[in-house]
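Novice: These protein sequence lines map, in sequence, to chains A and B. Residues in the first sequence are numbered consecutively from 12, following this note's numbering. Residues in the second sequence are numbered consecutively from 457, following this note's numbering.
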Amino acid sequence: MSVALLEARGLRKHFPLRGGVLQRTRAWVRAVDEVAFQVRAGETVGIVGESGCGKSTLARLLLRLVEPDAGHVWFDGEDVLRALPSRMKRLRRDMQLVFQDPHASLNPRLTIEDAVAFSLLVHGVRRAEAREKARMLLGRVGLDPRLYGRRYPHELSGGQRQRVNIARALVLDPKLLLLDEPVSSLDKSVQAQVLNLLQELKAERALTYVFISHDLNVIEYVSDRVLVMYLGRVVESGTADALAESPKHPYTQALYASAPSMDPDRRMERPPIAGDPPNPINPPSGCRFRTRCAFAMPKCAEAAPAPVAVAAGHDVACYLYDEVRT
Amino acid sequence: MFNDYSPEACGMTAPPGGTRISLLRVRDLSVEFATRDGVVRAVTEVSFDLSPGQVLALLGESGSGKSVTLRSILGLNPPVRTRVSGEILLKGEDINRLAERARQDLRGGVVSMVFQEPMTALDPVYTIGGQIEETLIEHRGLERAAVHRRARELLDLVQMPSPERCLASYPHEISGGMRQRAMIAIALACEPELLLADEPTTALDVTVQAQILWLLRDLQRRLGLAVIFVTHDLGVAAEIADDAAVMYGGRIVEQAPIRELFRAPAHPYTEGLMHATVRRRQKGKALVPIPGAPPNLAALPPGCAFAPRCPHVKPVCIEALPPLHVVASDHVSRCHLVPERLASPLLVLNKGGSL
Numbered sequence: 012m013s014v015a016l017l018e019a020r021g022l023r024k025h026f027p028l029r030g031g032v033l034q035r036t037r038a039w040v041r042a043v044d045e046v047a048f049q050v051r052a053g054e055t056v057g058i059v060g061e062s063g064c065g066k067s068t069l070a071r072l073l074l075r076l077v078e079p080d081a082g083h084v085w086f087d088g089e090d091v092l093r094a095l096p097s098r099m100k101r102l103r104r105d106m107q108l109v110f111q112d113p114h115a116s117l118n119p120r121l122t123i124e125d126a127v128a129f130s131l132l133v134h135g136v137r138r139a140e141a142r143e144k145a146r147m148l149l150g151r152v153g154l155d156p157r158l159y160g161r162r163y164p165h166e167l168s169g170g171q172r173q174r175v176n177i178a179r180a181l182v183l184d185p186k187l188l189l190l191d192e193p194v195s196s197l198d199k200s201v202q203a204q205v206l207n208l209l210q211e212l213k214a215e216r217a218l219t220y221v222f223i224s225h226d227l228n229v230i231e232y233v234s235d236r237v238l239v240m241y242l243g244r245v246v247e248s249g250t251a252d253a254l255a256e257s258p259k260h261p262y263t264q265a266l267y268a269s270a271p272s273m274d275p276d277r278r279m280e281r282p283p284i285a286g287d288p289p290n291p292i293n294p295p296s297g298c299r300f301r302t303r304c305a306f307a308m309p310k311c312a313e314a315a316p317a318p319v320a321v322a323a324g325h326d327v328a329c330y331l332y333d334e335v336r337t
Numbered sequence: 457m458f459n460d461y462s463p464e465a466c467g468m469t470a471p472p473g474g475t476r477i478s479l480l481r482v483r484d485l486s487v488e489f490a491t492r493d494g495v496v497r498a499v500t501e502v503s504f505d506l507s508p509g510q511v512l513a514l515l516g517e518s519g520s521g522k523s524v525t526l527r528s529i530l531g532l533n534p535p536v537r538t539r540v541s542g543e544i545l546l547k548g549e550d551i552n553r554l555a556e557r558a559r560q561d562l563r564g565g566v567v568s569m570v571f572q573e574p575m576t577a578l579d580p581v582y583t584i585g586g587q588i589e590e591t592l593i594e595h596r597g598l599e600r601a602a603v604h605r606r607a608r609e610l611l612d613l614v615q616m617p618s619p620e621r622c623l624a625s626y627p628h629e630i631s632g633g634m635r636q637r638a639m640i641a642i643a644l645a646c647e648p649e650l651l652l653a654d655e656p657t658t659a660l661d662v663t664v665q666a667q668i669l670w671l672l673r674d675l676q677r678r679l680g681l682a683v684i685f686v687t688h689d690l691g692v693a694a695e696i697a698d699d700a701a702v703m704y705g706g707r708i709v710e711q712a713p714i715r716e717l718f719r720a721p722a723h724p725y726t727e728g729l730m731h732a733t734v735r736r737r738q739k740g741k742a743l744v745p746i747p748g749a750p751p752n753l754a755a756l757p758p759g760c761a762f763a764p765r766c767p768h769v770k771p772v773c774i775e776a777l778p779p780l781h782v783v784a785s786d787h788v789s790r791c792h793l794v795p796e797r798l799a800s801p802l803l804v805l806n807k808g809g810s811l
């Protein structure tokens with residue numbers, strides 16, 4: 012087993028909500044709370060959860076696009092949160108982010124060739140060399156640079172734009188890609204093209220992926236290990252197979268049961284859980300899932316359950332599995 | 457055994473069962489938009505029937521024409537630079553020939569619509585109660601007290617949590633799932649016979665989507681509603697529909713009962729979509745994407761619009777528009793290769809007793 016390429020411990024981010032004439036803090040959005048995980052070199056770790064669970068904030072904390080309030084992040088043995096700005100620039104070459112919305116994340120005034128070459132220029136590569144490398148990468152992601160290189164983002168389809176984003180993230184030869192809902196806005200037929208491309212690139216370039224999605228099927232398909240997040244906390248983590256075969260946390264179970272079966276003969280009998288995910292502003296005390304949980308006990312309101320190992324590498328933060336601990 | 461119907465002769469499939477009366481009859485619906493890039497043929501010669509109580513999924517990817525088809529049924533397409541042709545008979549009345557006033561009476565009373573994004577479809581400056589009551593006053597002319605009672609009943613019908621508080625809430629004060637329940641309540645206010653649902657669960661989280669799908673199915677059964685459910689998601693169609701019509705490039709390319717469609721898809725596009733969709737327990741198995749991209753609706757080819765992406769393409773596919781071939785009873789596919797591929801042993805086996 013290789014050592015962790017990326018490790019996070021006790022990561023926390025609470026955003027203040029200000030209001031009134033004095034702009035005093037009125038409430039806190041508890042976006043990410045006490046999140047800890049490891050990503051080993053070469054693996055794909057999937058992060059799955061519904062809106063407001065903190066998965067996108069988490070990606071931004073790992074890159075320090077948003078500064079965490081507390082916690083540690085190590086990348087390749089280096090303390091990311093202590094890195095000086097010059098060092099941070101170097102670290103970000105190795106950790107690249109691919110955003111969800113390919114419409115909003117490309118500069119409309121740059122041709123796609125320039126968009127891909129841009130980060131090389133920022134990092135001091137000569138223009139001719141940068142352009143050459145950009146053209147090579149565009150070719151690799153399936154966009155012939157002779158046909159597409161001089162086009163602008165609005166001339167491309169959503170799938171093509173997402174390919175540009177992937178080329179742009181790869182142009183600095185990173186070790187790790189943080190993929191934030193990379194296929195969510197794409198049609199299913201195009202989604203499969205991009206997923207296959209990501210799998211090929213990962214093997215070719217020995218990449219490590221952190222793959223964020225709300226789509227359980229996609230997460231199960233691409234990931235070696237999966238973290239399930241709910242309102243800022245990791246409620247369960249384990250191998251993709253272990254989670255699919257025997258999800259333990261009541262929320263993970265509900266998430267799997269809610270996904271359509273793709274079989275008209277096996278329709279859902281009843282909705283697995285009621286209600287919407289609560290607002291991350293002032294979330295429930297204790298276990299944040301307790302307000303929607305069928306098994307909630309009095310102690311669930313008192314303190315958040317700590318993760319318990321139910322099997323090797325399979326952790327669950329739920330009091331139902333407390334006896335395993337003792 | 458395999459009858460070839462020309463699109464003109466067949467129109468589209470006979471209604472399932474053949475003898476059921478149709479609530480909605482769409483014949484040769486075409487919708488064109490004049491744009492700077494030329495004439496966009498959003499919908500071309502779409503025909504289908506819907507019986508009372510039937511749930512039809514209109515399946516397709518972005519730009520396939522599914523939402524424009526749905527909007528045409530309400531006459532909601534923009535009035536300028538739009539050409540609509542064909543017939544839309546709702547309980548026998550052609551809505552394209554009705555005066556605006558008469559159309560208004562059909563909207564709400566006979567047919568109503570649930571939109572994808574409840575946050576934009578609801579009015580942010582009126583309470584939920586106010587918006588339900590407005591619908592009732594506009595269409596039913598009820599008394600104030602009766603209106604309030606009915607609004608409360610409707611929220612109970614859609615199983616709204618804390619309904620009294622919801623009546624007094626503004627759209628931004630309630631959750632996404634509750635907003636979608638409120639929109640369904642408004643749609644049901646005047647007891648329509650046909651509900652048009654345009655991707656009503658796409659913007660929702662998966663646990664909430666499960667609740668709304670279940671609610672719609674429950675309401676459909678209890679109220680005997682006919683529903684046209686527009687979705688891009690095969691899984692959602694599998695949960696809710698009796699029948700599905702698959703759209704591509706503005707045309708219906710395949711129509712079948714939902715079980716039949718999943719068991720034996722007969723159009724290469726439908727097959728491709730099934731293979732490209734990530735399912736549970738698919739880890740380690742390669743996805744088979746559909747190569748290329750959807751067609752440009754401003755420059756549709758003379759033949760089959762799917763031909764440039766089709767793994768089975770033949771010269772005839774590029775030259776001529778395929779007719780609708782009957783695959784089985786109630787199952788049609790707009791593909792030149794249906795006779796040939798159906799005759800292959802594998803497909804005959806898949807068909808089982810239906811041949």
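For glycine and all other residues, C-beta sits at the position ideal for the given N, C-alpha and C.
Should ASN228 (chain A) be flagged as near chain B, meaning a C-beta pair shorter than 9 Å?
Specialist: Cβ-Cβ to chain B under 9 Å: yes for ASN228 (chain A).
Novice: Under 7 Å between beta-carbons, which chain B residues line up against TYR232 (chain A)? List them in chain order, please.
Specialist: Residues of chain B passing the Cβ test: VAL734, GLN738 and LYS739.
Novice: Determine, for LYS199 (chain A), whether the minimum Cβ-Cβ distance to residues of chain B falls below 9 Å.
Specialist: Yes, its Cβ sits closer than 9 Å to a Cβ of chain B.
Novice: Quick one: which chain B residues come within Cβ less than 9 Å of ALA305 (chain A)?
Specialist: Those within 9 Å of ALA305 (chain A) in chain B number zero; the least Cβ separation is about 13 Å.
Novice: For GLY531 (chain B), which residues in the same chain have their Cβ closer than 6 Å to its Cβ, ignoring the five residues on either side in sequence?
Specialist: Contacts found: ILE551 and ARG559.
Novice: Against chain B, with Cβ distances strictly below 9 Å, would SER67 (chain A) count as a contact?
Specialist: No - not a single Cβ of chain B is within 9 Å of the one on SER67 (chain A).
Novice: Between the region 190–204 of chain A and the region 730–750 of chain B, do three or more beta carbon pairs fall short of 8 Å?
Specialist: Flag = yes, the region 190–204 of chain A and the region 730–750 of chain B touch.
Novice: Could you tell me if THR491 (chain B) is buried or exposed, where buried requires 16 or more neighbouring beta carbons within 10 angstroms of its beta carbon?
Specialist: The residue in question, THR491 (chain B), is exposed, as its Cβ has fewer than 16 Cβ neighbours within 10 Å.
Novice: With three or more C-beta pairs closer than 8 Å as the rule, is the region 240–249 of chain A touching the region 324–332 of chain A?
Specialist: Yes, the region 324–332 of chain A is in contact with the region 240–249 of chain A.
Novice: Taking the alpha-carbon positions, what's the GLU649 (chain B) to VAL683 (chain B) distance?
Specialist: Straight-line Cα distance between these residues: approximately 8 Å.
Novice: Could you tell me which whole beta strand (DSSP E) segments of length 3 or greater appear in the region 549–624 of chain B?
Specialist: Counting whole runs of 3 or more residues, the region 549–624 of chain B contains the beta strand (DSSP E) stretches 567–570.
Novice: Is it right to say GLY633 (chain B) is buried, meaning 16 or more other beta carbons lie within 10 angstroms of its own, or is it exposed?
Specialist: So GLY633 (chain B) ends up on the buried side.
Novice: What residues of chain B sit near SER168 (chain A), judged by a beta carbon separation below 7 Å?
Specialist: Chain B residues near SER168 (chain A): ALA749.
Novice: Does any C-beta atom of chain D lie closer than 9 Å to the C-beta of LEU149 (chain A)?
Specialist: Protein chains in the displayed structure are A and B, and chain D is not among them.
Novice: Quick one: which chain B residues come within Cβ less than 7 Å of PRO275 (chain A)?
Specialist: What PRO275 (chain A) touches in chain B: ALA694, ILE714, ARG715 and PHE718.
Novice: On the three-state DSSP scale, how would you describe TYR267 (chain A)?
Specialist: Reduced to three states, the DSSP call for TYR267 (chain A) is helix.
Novice: Grouping DSSP H, G and I as helix and E and B as strand, with all else coil, what is ALA317 (chain A)?
Specialist: DSSP places ALA317 (chain A) in coil when its eight states are reduced to three.
Novice: Look at LYS522 (chain B) and VAL686 (chain B) and say whether their C-beta atoms are less than 9 Å apart.
Specialist: Their beta carbons are under 9 Å apart, which means LYS522 (chain B) touches VAL686 (chain B) by this criterion.
Novice: Specify, as a first and last residue, the run of the alpha helix (DSSP H) that PHE718 (chain B) falls within.
Specialist: Segment 714–719, the alpha helix (DSSP H) holding PHE718 (chain B).
Novice: Whose Cβ in chain B lies nearer than 7 Å to the Cβ of HIS325 (chain A)?
Specialist: The contacting residues do not exist; HIS325 (chain A) stays about 17 Å from chain B at best.
Novice: Which class does GLU54 (chain A) belong to by DSSP, given the choice of helix, strand or coil?
Specialist: Coil, per DSSP.
Novice: Relative to chain A, which residues along the region 512–527 of chain B have a C-beta separation below 8 Å, given in chain order?
Specialist: Cβ contacts with chain A come from GLU517 and SER518.
Novice: Less than 9 Å between the C-beta atoms of ALA513 (chain B) and ALA697 (chain B), yes or no?
Specialist: The answer is yes: Cβ separation under 9 Å.
Novice: Along the region 184–217 of chain A, what residues have a CB closer than 8 Å to any CB found in chain B?
Specialist: The region 184–217 of chain A vs chain B, Cβ under 8 Å: ASP198, LYS199, SER200, VAL201, GLN202, ALA203, GLN204, LEU206 and ASN207.
Novice: Is the beta carbon of ALA763 (chain B) less than 9 Å from the beta carbon of VAL769 (chain B)?
Specialist: Yes, the pair counts as a contact, with Cβ atoms nearer than the cut-off.
Novice: Among residues of its own chain, excluding the 5 on either side of THR826 (chain B), which ones have a beta-carbon nearer than 8 Å to its beta-carbon?
Specialist: Past the boundaries of the shown model lies residue 826 (chain B); chain B is included only from 457 to 811, so the question cannot be answered.
Novice: Give the secondary structure of MET279 (chain A) by DSSP, where H, G and I count as helix, E and B as strand, and everything else as coil.
Specialist: Three-state DSSP puts MET279 (chain A) in coil, outside helix and strand.
Novice: Along chain A, in chain order, which residues have C-beta atoms closer than 7 Å to that of ALA666 (chain B)?
Specialist: Those within 7 Å of ALA666 (chain B) in chain A are SER269, MET279, PRO282 and PRO283.
Novice: Rounded to the nearest angstrom, what separates VAL239 (chain A) and GLY60 (chain A) at their Cα positions?
Specialist: Approximately 6 Å, taken between the alpha carbons.
Novice: Check this for me: beta carbons of MET703 (chain B) and LEU515 (chain B), under 9 Å apart or not?
Specialist: Yes.
Novice: Is GLU710 (chain B) helix, strand or coil by DSSP?
Specialist: Of the three classes helix, strand and coil, the one that applies to GLU710 (chain B) here is strand, per DSSP.
Novice: So, ALA645 (chain B) versus MET616 (chain B), is the Cβ gap smaller than 9 Å?
Specialist: Cβ atoms of ALA645 (chain B) and MET616 (chain B): not closer than 9 Å.
Novice: Would you grab the beta carbon distance between LEU717 (chain B) and ALA700 (chain B) for me? Rounded to a whole angstrom, and I think it's under 8 Å.
Specialist: Yes, they are in contact, since the Cβ atoms of LEU717 (chain B) and ALA700 (chain B) sit about 5 Å apart, within 8 Å.
Novice: What is the rounded straight-line gap between the Cα of LEU480 (chain B) and the Cα of LEU545 (chain B)?
Specialist: Whole-angstrom Cα-Cα distance: 6 Å.
Novice: Touching or not, the region 49–57 of chain A and the region 174–185 of chain A, by the rule of three or more beta carbon pairs under 8 Å?
Specialist: The answer is no - the region 174–185 of chain A does not touch the region 49–57 of chain A, with fewer than three Cβ pairs under 8 Å.
Novice: For HIS688 (chain B), return the contacting residues in chain A, with the cut-off set at a CB-CB distance below 8 Å.
Specialist: Within 8 Å Cβ-Cβ: ASP198 and LYS199.
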